[in-house]
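Colleague:
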Amino acid sequence: MKIALVHMRHAETGGTELFLNQLSRYLAEKGEEVTIICRTHVAPSHPNIKFVKLNSFTIGKAHRIWKFAKDVEKHIAQNQYDFVYGLGKTWTHDMLRIGGGTHVHFVESMKKGKLKLKDRAAIAIERKAMAKGAYKHVVANSHKSAEEIHEAYQVPKEKISVIHNFVDTTRFDKERVIERSKQLEKDIGLDRSKPVYLFLGSGYERKGLKKAIKALSMLEFKATLLIVGRENHEADYKSYADELGVLAQCKFLGVQSEAELFFAMADCYVLPTLYEPFGFTAIEALSCGIPVITTENCGAKEVLRPEISTVVSSEVNPSDIAQAMKHWVNVEDKVELTRQCRSLALTLDVEAVMEQNYQQILDVYNAN
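Going by our numbering, the sequence shown opens with residue 20, and the numbers climb by one from there.
1. Closest to V123 by C-alpha separation, out of K229, D138, S236, E334, would be which residue?
2. Do V53 and I95 come within 7 Å of each other at the CB atom, strictly closer than that value?
3. When DSSP labels each residue in this structure, what does R361 get in the three-state scheme?
4. What residues in its chain sit with their C-beta under 8 Å from that of K155, if we drop five residues either side in the sequence?
5. In whole angstroms, what is the alpha-carbon distance linking T111 and I380?
6. Given a cut-off of 7 Å on the beta-carbon distance, is the pair D286 and V215 in contact?
7. Let's see if you can read the secondary structure: which residues bound the alpha helix (DSSP H) around A141?
8. Do you know offhand how far S258's Cα is from S164's?
9. Do you know how far the Cα of R211 is from the Cα of T300?
10. Just confirm the distance between the C-beta atoms of A341 and V331, as a whole number of angstroms; I'd bet it's less than 8 Å.
11. So what does E52 bridge to, in DSSP terms?
12. Can you check whether the CB of K193 is closer than 7 Å to the CB of G273?
13. Helix or strand or just coil, what does DSSP make of L238?
14. Per DSSP, H156 is paired with what?
15. Tell me whether the segment 60–72 and the segment 27–37 touch, counting them as touching only if at least three CB pairs, one residue from each stretch, are closer than 8 Å.
16. Compare the Cα-Cα distances from L39 to each of N98, E51, G118, Q378 and report the closest residue.
17. Would DSSP call F125 helix, strand or coil?
18. Tell me the residue span of the alpha helix (DSSP H) that contains Y100.
19. In chain order, which continuous runs of the alpha helix (DSSP H) of length 4 or greater are located wholly inside the segment 311–379?
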């Protein structure tokens with residue numbers, strides 16, 4: 020089967036990009052003819068994968084996403100594919116995956132006032148993508164996201180499937196990277212006599228970094244918060260930590276390509292998100308054997324269990340986060356906790372989840 024996977028950006032970082040890399044590899048290994056339609060790309064995850072670059076000249080982010088969607092529409096009309104799988108912000112597809120939740124709900128969750136032009140373009144594309152007749156099936160990565168899709172665009176529930184995110188349990192394995200993580204601990208001057216928490220992700224406002232810093236300041240004991248990710252306003256968060264008197268306890272480490280090393284250093288993962296359709300990092304943390312603190316706003320709560328996680332309310336009260344932070348570093352049987360975290364992650368291994376996605380493609384293709 021000649022399959023086109025469509026996403027503006029093919030890269031090695033980012034949740035949708037991770038999904039694109041793994042699905043394209045899996046389909047190619049199954050013998051399917053895979054083409055990735057994008058604006059930019061890095062090396063493919065399998066040598067048989069082809070690329071079509073649609074990178075017309077554009078001015079600004081809004082024009083870029085709209086023009087890409089238009090270019091995809093034109094390209095699909097002029098070329099023959101057996102199946103087109105869109106991964107967001109285009110409207111020409113047989114099946115559409117909503118991996119980042121609906122943009123309507125994202126904007127609402129961030130309590131934005133006047134919408135930026137980019138937001139208006141994204142919502143307009145989303146509306147076209149999920150209009151009646153624009154798709155045969157929609158895949159959501161959580162029941163939370165599925166409900167948003169149904170609510171915002173009246174997509175019939177029978178046309179929505181939920182396939183949770185995956186984790187590469189071979190890569191995210193503490194035992195595999197233990198020696199390298201210990202060396203990195205020395206390199207960054209990490210004091211292992213104190214509890215270590217990890218916050219990881221780009222877009223600190225949405226993922227709730229201020230909530231995590233505030234919770235850190237409320238602890239009765241000294242601890243370290245590792246902060247990994249990309250943020251244009253990092254200085255604001257450093258100033259906030261300084262105001263609370265915990266800047267020395269926060270290690271801002273910027274973008275890192277090997278997240279598994281930092282999960283291996285931590286005692287607990289903290290994701291006090293304000294909006295997260297799923298959250299790859301939650302199950303990556305479990306795969307590395309550490310418990311997770313997150314919120315009702317995170318779709319990953321659907322796969323978590325109380326013996327390995329704490330899910331605080333959607334209001335994201337820092338005192339609740341601080342209480343959970345205290346709880347998880349005081350667990351007596353750390354070996355059993357690690358085992359249970361890893362055990363759950365193994366049920367979401369990448370190969371099993373990619374097979375679910377492959378079967379969904381086949382089901383939709385054969386039904387039409």
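Every residue, glycine too, gets a C-beta built ideally from N, C-alpha and C.
Modeller: Looking at the atomic coordinates:
1. Along the sequence shown, read from residue 1 onward, the residue named residue 123 stands at position 104. The shortest Cα separation from V123 among K229, D138, S236, E334 belongs to D138.
2. As a working mapping, residue 95 is identified with position 76 in the sequence shown. As a working mapping, residue 53 is identified with position 34 in the sequence shown. Going by C-beta atoms, I95 is not nearer than 7 Å to V53.
3. Numbered from 1 along the sequence shown, position 342 holds the residue referred to as residue 361. The answer is helix: DSSP assigns R361 an H, G or I state.
4. The sequence position of residue 155 within the sequence shown is 136, counting from 1. These residues qualify, in order along the chain: D113, M114, K178, V383, A386, N387.
5. What you label residue 111 is simply residue 92 of the sequence shown in a count that begins at 1. What you label residue 380 is simply residue 361 of the sequence shown in a count that begins at 1. Answer to the nearest angstrom: the Cα atoms are 16 Å apart.
6. By 1-based counting over the sequence shown, the position of residue 286 is 267. By 1-based counting over the sequence shown, the position of residue 215 is 196. Yes, the pair counts as a contact, with Cβ atoms nearer than the cut-off.
7. The residue you call residue 141 lines up with position 122 of the sequence shown. Segment 136–148, the alpha helix (DSSP H) holding A141.
8. Sequence index remark: in the sequence shown, residue 258 carries index 239 (1-based). Sequence index remark: in the sequence shown, residue 164 carries index 145 (1-based). Their backbone Cα atoms lie some 34 Å apart in a straight line.
9. To locate residue 300, count along the sequence shown from 1; it is residue 281. To locate residue 211, count along the sequence shown from 1; it is residue 192. Cα-Cα distance, rounded: 22 Å.
10. Residue numbering aside, residue 341 sits at position 322 when the sequence shown is read from its first letter. Residue numbering aside, residue 331 sits at position 312 when the sequence shown is read from its first letter. Their Cβ separation, rounded to whole angstroms, is 10 Å, which puts A341 and V331 out of contact at 8 Å.
11. If you number the sequence shown from 1, residue 52 lands on position 33. Per DSSP, K21.
12. Taking the sequence shown and counting its residues from 1, the one referred to as residue 273 is at position 254. Taking the sequence shown and counting its residues from 1, the one referred to as residue 193 is at position 174. Contact: no.
13. As a working note, residue 238 is residue 219 in the sequence shown. Of the three classes helix, strand and coil, the one that applies to L238 here is coil, per DSSP.
14. Taking the sequence shown and counting its residues from 1, one reaches residue 156 at position 137. In DSSP, H156 forms a bridge with M114.
15. yes
16. Taking the sequence shown and counting its residues from 1, one reaches residue 39 at position 20. Looking at the Cα atoms, G118 is the closest of the given residues.
17. As a position in the sequence shown, residue 125 is number 106, starting the count at 1. Helix, per DSSP.
18. Stepping through the sequence shown from its first residue, residue 100 is reached at position 81. Element bounds for Y100: n/a, residue is neither H nor E.
19. 337–348, 353–365
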